[in-house]
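Accompanying notes for the structure given below.
Numbering (this note's numbering), first residue to last: 1127 to 1673.
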């Protein structure tokens, strides 16, 4: 549906299923529009200018505040706005919050701002607070308590406040207005239920205003609201108190070209206004060919619901980072070229019965990196693992690309021996390790004086270097020498990202072993950290790690 069709304001035909006596009040609609357009923009080139509503925004405001029940109270109770980022939804939500606080005629108004956490909820609040500061009339009537994120209007005993993340354990809110930001990020339905089910029961016309982009979890509370909104828009469901807005592709995206700029305009109603086409093109170029960034572009820029799991490594680009044909003798010579050079190491010990990996990353000039991986597998499990994984472990073992250790579990002392050999060849500045399942080996290495640094494989730690690995592979700046074990790991890589655009490898969803890539990401993180000058050498910051 074209944007111009969506902007038609419904003033004569009540929503399906409406009770008798429902009518459209131009007076109430104009009152809300006038209040909002008396506010000012707070950021960028628009800062200080009147908040003139875009057509799509004005349609929402007029219909939400204009449609009334027979007794004169608002028809709509829940507003669901799903739209790509940077279209002005936060500014619209801030303006709605202020209208409910100052101009809705509600004595003792309680307007709440909420999100997945307090920091996210502050985004809308801070915009609203800046709008108040730019309005002498509103500033005179209110008191902004920034330390507790609250705007108080003493004359009507009203307030707008940001809720903490602990609120979902509480009940008893007498909500007159709720602004809920990024519904797709909610991990469960608890917060939404606390703030909407029964909250505001003593109010004549509470309004729950929810804004979000598309999500990744099809079992989430956001998807539940999305499906309800879609059904209402498609005429499959009647719920007259629910106001649905979805700017996104059709549910069946087959045949819908996400790379077509015309489609970008259709799902981004502020494109060419708040959001520039150059910015969209830049984001598209960054995402093209990068599976993780492509999905993020689709979700956040085009409002597409996508899977949270995606095949992570563009193997065509990976293969361009090494020789067209792997030759063991040339590979060994290639590794020997780095003797005496500085590097950063990382261990992914995984399970004692599975593949264990050590990776060395060497920073080179002009943003290039060279990686040399090492792998271990229990000797007794070699044939069984080869059949299970359908991988030539025996051949790789004969080539010393995988190092069997005696017994049916990986003998970590073999890892320790290899590290001792490597420390004589290369200048290992740090060894990153995940403390899970590693403490005995780490204790041994610490006693020998190795520079160790703890690196938990959390999404916060793994996300930046995972994105950086994809970037250097796409740019052809990773030198891996064609190591076939590491290539197999890279081809198995599946990525998971959360609602905040954090990405990490997912071992549970991987199609095979990815331990070598995980160790590569950890080592790359340490190399990048030092090359950027973000932190001093481990020796300079705390000396050696002792356990």
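Yeah, the Cβ is synthetic: ideal placement off N, Cα and C, and Gly gets one too. As the structure is a computational prediction, the values presented were derived from the model and not from experiment.
- Distance, Cα to Cα, residue 1163 vs residue 1136? 21 Å
- How many angstroms separate the CA atom of residue 1468 from the CA atom of residue 1224? 57 Å
- Item | Simplified DSSP state of residue 1702, which is helix, strand or coil | Since the first and last residues shown for the chain are 1127 and 1673, residue 1702 lies out of range.
- Item | Boundaries (first-last residue) of the beta strand (DSSP E) holding residue 1469 | 1468 to 1474
- Item | The alpha helix (DSSP H) enclosing residue 1253, as first and last residue numbers | 1244 to 1259
- Message: Among 1272, 1254, 1273, whose alpha-carbon lies nearest the alpha-carbon of residue 1264?
- Response: 1254
- Message: Beta-carbon within less than 8 Å of residue 1520's beta-carbon, same chain only, minus the 5 sequence neighbours each way: which residues are those?
- Response: 1508, 1509, 1512
- Apart from the five residues on each side of it in sequence, which residues of its chain come closer than 7 Å, Cβ to Cβ, to residue 1133? 1181, 1182, 1185
- Task: Below 8 Å on the Cβ atoms is my guess for residue 1188 versus residue 1246; work out the distance and round it to an integer in Å.
- Result: The Cβ separation is near 28 Å, so there is no contact.
- Considering residue 1530, what are the terminal residues of the alpha helix (DSSP H) in which it resides? Note, residue 1530: premise wrong, no alpha helix (DSSP H); beta strand (DSSP E) at 1528 to 1531.
- Task: Work out the CA separation of residue 1590 and residue 1655 for me, nearest whole Å.
- Result: 10 Å
- Item | residue 1271 to residue 1250 span [Cα, whole Å] | 15 Å
- Query: Buried or exposed: where does residue 1667 fall if 16 or more other Cβ atoms within 10 Å of its Cβ makes it buried?
  - Reply: With a pLDDT of 36 at residue 1667, under the threshold of 50, the predicted position of this residue should be treated as unreliable, though the coordinate-derived value follows. Its Cβ having fewer than 16 others within 10 Å, residue 1667 is exposed.
- Task: Just mark residue 1411 as buried or exposed, buried being the case when its beta carbon has 16 or more other beta carbons within 10 Å.
- Result: exposed
- DSSP beta-bridge partners of residue 1482: 1502
- CB residue 1631 to CB residue 1619, shorter than 8 Å? yes
- Could you check how far apart the C-beta atoms of residue 1260 and residue 1324 are, in whole angstroms? I think they sit under 8 Å. With 8 Å as the limit, residue 1260 and residue 1324 do not qualify as a contact, their Cβ atoms being about 36 Å apart.
- Inter-residue Cα distance where the pair is residue 1462 and residue 1497: 12 Å
- Kindly indicate which three-state DSSP category residue 1605 falls into: helix, strand or coil? strand
- Task: Determine the contact status of residue 1302 and residue 1232, defining contact as a CB-CB distance below 8 Å.
- Result: yes
- Item | Ranges of the alpha helix (DSSP H) found wholly within the segment 1153 to 1231, counting only runs of at least 4 | 1181 to 1192, 1215 to 1228
- Query: What does residue 1580 pair with, by DSSP beta-bridge criteria?
  - Reply: 1559
- Message: For residue 1566 and residue 1312, what's the separation of their Cα atoms in angstroms?
- Response: 38 Å
- Query: Nearest to residue 1391 by alpha carbon, out of 1542, 1374, 1221?
  - Reply: 1374
- Message: Is the separation between the beta-carbon of residue 1443 and that of residue 1599 shorter than 8 Å?
- Response: yes
- Message: Using 8 Å as the cut-off, can you tell me whether the segment 1338 to 1353 makes contact with the segment 1194 to 1202, which would need three or more C-beta pairs spanning the two stretches below that distance?
- Response: no
- For residue 1683, collect the residues of the same chain with a Cβ closer than 6 Å to its Cβ; drop the 5 residues on either side in sequence, then sort them by chain order. Coverage of the chain is limited to positions 1127 through 1673, which leaves residue 1683 absent and any answer about it impossible.
- Query: According to DSSP, what are the bridge partners of residue 1630?
  - Reply: 1622
- Return the first residue and the last residue of the beta strand (DSSP E) that residue 1347 is part of. It is not in any beta strand (DSSP E) - residue 1347 instead sits in the alpha helix (DSSP H) that spans 1347 to 1359.
- Look up residue 1236 in the DSSP assignment and give the residues it is bridged to. 1285
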